[in-house]
Each structure stands twice: as structure tokens, then as C-alpha cells.
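In this note's numbering, the protein residues as written are 946 to 1365.
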Amino acid sequence: MSRPVLKVGIVGDIQGYPVEYDWGMHNLERAFAMLAPKQPDVLIMDGDLSDQGDPEAFSYYRMLTEKYFKGKIPMPVACAGNHDYLHSGGNTLAVYEKLCRALGQEAVNPFHSLIAGYDFIAFSENTGDIPPQKQLEMLERELVRAAERDPVKPIFVVTHYPPANTVAGSHDASGRQELFELFERFPQVVSISGHTHYPLEDERSIWQGGFTAFQTSGLSYGCMEERPFNTCNSILPFAREAVQCLYMEIFESHLEIHRWNVEDSREIKPESVWRVEIPYSQAAARYTDARKNQRSAPEFPAGTQVFLRYDFGYLYLIFEQAKHEDFTQFYKVRLYDLDKNRNAVFKSENLYVTGFYRLERNQDHRQVIQLPGNDLTPCGRMRAEIYPVESFGNTGKPLVLDFDNPCSSPLPGLTERPQE
């Protein structure tokens, strides 16, 4: 087997404080301890190194690189994120310069480095008083320069925010349409972005269309743009279990991208390492939106039962997970009122996320769903339909339960949508 030309560690969304007992820095150490034996040549950090723009966090990051990569500090390729700019007083350029100085990177934006014949560009938004359109023009010039230098090799572009409507987490306000439109003009682009905190188990975390894009999850907590009912805003239940990073090997003919959960020190789906061919051909790309058509819908095994449980003012549905060749990511629950003739009147629909991203030791074959109190008819006869949904949206046949609500009044406090 051929040796990689370059080995690249990729981390982001650490949101750390400069102390060893900080959760983000703890996970960064675990990531570095995992990456160090691989001896990466490049270390990408795609923003939100600090939680509140603390420059000491930047220096702490550098100290950890010196601790774990003794004798061979990887080349830094980094951009700033929105958390890095907090409390900057509007002086984002000073923050960016402190970040670059601490990491050992030249304080220019976009930052462009040629490493072993491959172009790496890091682009930080809102740096200094340069208008956004002017910054995009500067990024475009660097892309043109890279493409003219070598029309075949990938151009790695590191941003905090993802290009819009590409990877998981990029379909809401987090996605940047201007980046999408720019990158579409350069098929060689491999976009590497953070900000979404989306779990890497989801195959939508890599996308190919006019270019290639993948998101890097994060080392602080997991989020989900769909904002399921059992999340807190967008933060997942047990979000601190989704602490993840990437390791990439660059070969002359292809890229191999490995996903890791640093808490488990476990490679995520080692049998499904992402592979991007060089040169890039959209016609032959494997990670396109057409993947949905190649996947089945999840299904409940025959005889699966659903149970109702009333505890301390809350109603729960409990059932065995649906089966799928990848995993069931969501359950869509529809509630109906039933009249005396069992005619159903639609009441509500809510999406619930499963624990697909959780640590292996905490995986559960059961699903527990807390029903929304405000949607329950007091002492009413009701129906719940539970549809299993996989990550690309393919939806299986539902479990159906008709039940009597034992509560005589709306359940208190359920508008807060507490986590388990």
C-alpha cells in the first residue's frame, strides 16, 4: 500500500478555557494524544478554539501541541470562529492576530500555505474592518492562484461556517450561501468547516456536488440543526458524549478521512472511511444527495410493542428501536384525538432524535420519548403514530398506540422541553 503524502489532524469547536480541568481542553488533549502517534504533518483548527475569546486559550492550545507533538510540531492551518471574537469590543483583527501568533501562523487573512505541493487556505470571516464582499474577493484570488498553480490537486479551504446546503448542519442560518457560490466555481475545493457540532456518525457530514465539503463536529458538545423536541434549543441530550475530530491522509490518487470519538478513543465507522478521489469528478462522486435513493427506510421488527408510562406528571412512550442498515436517527411522532367512533383528529407532530451518537457503553436498544404535555387532551382518548426516520429522510411504517391520557389537566412545565 502506498504511503500518504501528507497526514492531517483536524479539530475545532473546542470552546475552551486555559486550564487542564476545562472540558474543551480536556477533549483537545485526548484528541492530541490520539493523533500524536500518527505524526501528522498539518494540524487544522477550524475555529472556536476559545469559548469567550480568551487569548490565553490560544496560548494553551499551543502549549498542548508542544507537549504532544514533541520534535515535530505540525504546520498550523487555522481560522477564527464566532466564539473567538466574543468580548473583542469590535477589534476582531487584534483577536485574529493573537490567535495566529499563539498558533505560529502568519496573521494574514485569507491565510494560504503550500505544503508538500498542496494548497491550504484558512479564511476567517469578519476579521478587521474589511467589508465582507472585499474579504470574499480576497479569498477568490487565493483560489484562482491555487487552481492556476495546479489544476488537479485538491485545494483545502478551512472556514468556521460551512457553505450553505451542503453538509449536515448547513441548511439553516449556519450555512453561508456566498461560500457555496464561490466554491462551486472551483471543483477542486475540499471545504473543511466547523460550527455545526453535528455528530460525524451522520453520513450527511460529507457532501459532494460542484465541490467536496465535510464538517468536523467538535470537541465540546453535539448539536442538531433540526432542533428535535428532545433537544435543548439545538443541543443534543447527552451532548457531551459527542466529542469528535478527524484524521485525514492525503494520497496522490485520493483522500482518506477517518472519524473519531475522542472520549471512547474509538474510530467511528472504520469500515466506512470517507474516500475522495483525485482528480475530482462530480459525475463519479459518491457522497452526493443521490445517496438517499440508495438507502432503505428503517423498519420496526414484527411484533414490536410500544408501552405508555406515566411518571411524575410526564407521559412517556417506550419501545424497541427500529432496524436500519445504518441507524435510525429520528422518530416522528404524530398525536391525534380519538372520538367515540375512533375517528382521528390530528393534534401535533414532533421530531425526536435517537442516541445514535452516544458512547458505545451508553447505547440503548430502547427508545424513551416524552410526550409534549400541551398536546395531550386531559382524560382524552388519543392515538400516537411513531414513524422511524433515517438521516436522509427515508421514513418507515409507524408503530400505532391508542391510549387513554390519565391526566385530568394539562401537564405542568412541559413547554420547557427538558432533556432526559
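Glycine included, each C-beta is placed from N, C-alpha and C at the ideal position.
- Non-local beta-carbon contacts of Met1008 in its own chain, meaning distances under 6 Å to residues more than five positions away in sequence, are absent.
- Burial is judged here by how many other beta carbons sit within 10 angstroms of a residue's own beta carbon; Ser1210 has fewer than 16 and is exposed.
- By the beta-carbon neighbour count (other beta carbons within 10 angstroms, threshold 16), Val1298 is buried.
- In the assembly as shown, Arg1254 is an exposed residue. Its beta-carbon has fewer than 16 other beta-carbons within 10 Å.
- Following the DSSP letters along the chain, one finds Arg1090 in no beta strand (DSSP E) but inside the alpha helix (DSSP H) bounded by residues Pro1077 to Arg1094.
- In this structure the stretch 1023-1031 touches the stretch 1066-1076; the number of beta carbon pairs closer than 8 Å is three or more.
- Look at Ala1002 here: in three-state DSSP terms it is helix.
- Per DSSP, reduced to three states, the secondary structure at Asn972 is helical.
- Closest in alpha carbon position to Lys1214, among His1203, Leu951 and Leu1262, is His1203.
- Between Pro1055 and Ser1004 a beta carbon distance of about 23 Å is seen, past the 8 Å cut, so the two are scored as non-contacting.
- 8 Å or more divides the Cβ of Ile1314 from the Cβ of Val1345.
- For the pair of segments examined, the stretch 1289-1308 was found not to touch the stretch 1076-1093: the number of CB pairs separated by less than 8 Å stays below three.
- Between Phe1252 and Thr1233, the alpha-carbon positions lie close to 39 Å from each other.
- Remark: C-beta atoms of Asn1339 and Ser1179 do not approach each other more closely than 8 Å.
- Per DSSP, Leu1200 lies in no alpha helix (DSSP H) segment; the continuous beta strand (DSSP E) that holds it begins and ends at His1199 to Asn1206.
- Under the 8 Å Cβ criterion, the stretch 1122-1131 does not count as touching the stretch 1186-1198, having fewer than three qualifying pairs.
- Within the model, the alpha-carbon separation for Pro1107 versus Glu1123 is close to 10 Å.
- Counting C-beta pairs with one atom in each stretch, the stretch 1144-1162 and the stretch 1103-1121 have three or more that are closer than 8 Å, which means they touch.
- Following the DSSP letters along the chain, one finds Ala1228 in no alpha helix (DSSP H), marked with neither H nor E.
- Secondary structure at Asp1320: helix, using DSSP grouped into helix, strand and coil.
- Counting along the chain, the unbroken beta strand (DSSP E) around Thr1104 starts and ends at Ile1100 to Thr1104.
- Met990 places its beta carbon less than 8 Å from that of Val956.
- With fewer than 16 neighbouring CB atoms inside 10 Å of its own CB, Tyr966 falls in the exposed class.
- With fewer than 16 other CB atoms across the displayed protein chains lying within 10 angstroms of its CB, Asn1288 is exposed.
- With contacts defined as CB atoms closer than 8 Å, Leu1164 and Val1103 fail to qualify as a contacting pair.
- Bridge pairing for Ser1058: Phe1065 [DSSP].
- Counting along the chain, Glu1216 sits inside no alpha helix (DSSP H), nor does DSSP assign it H or E at all.
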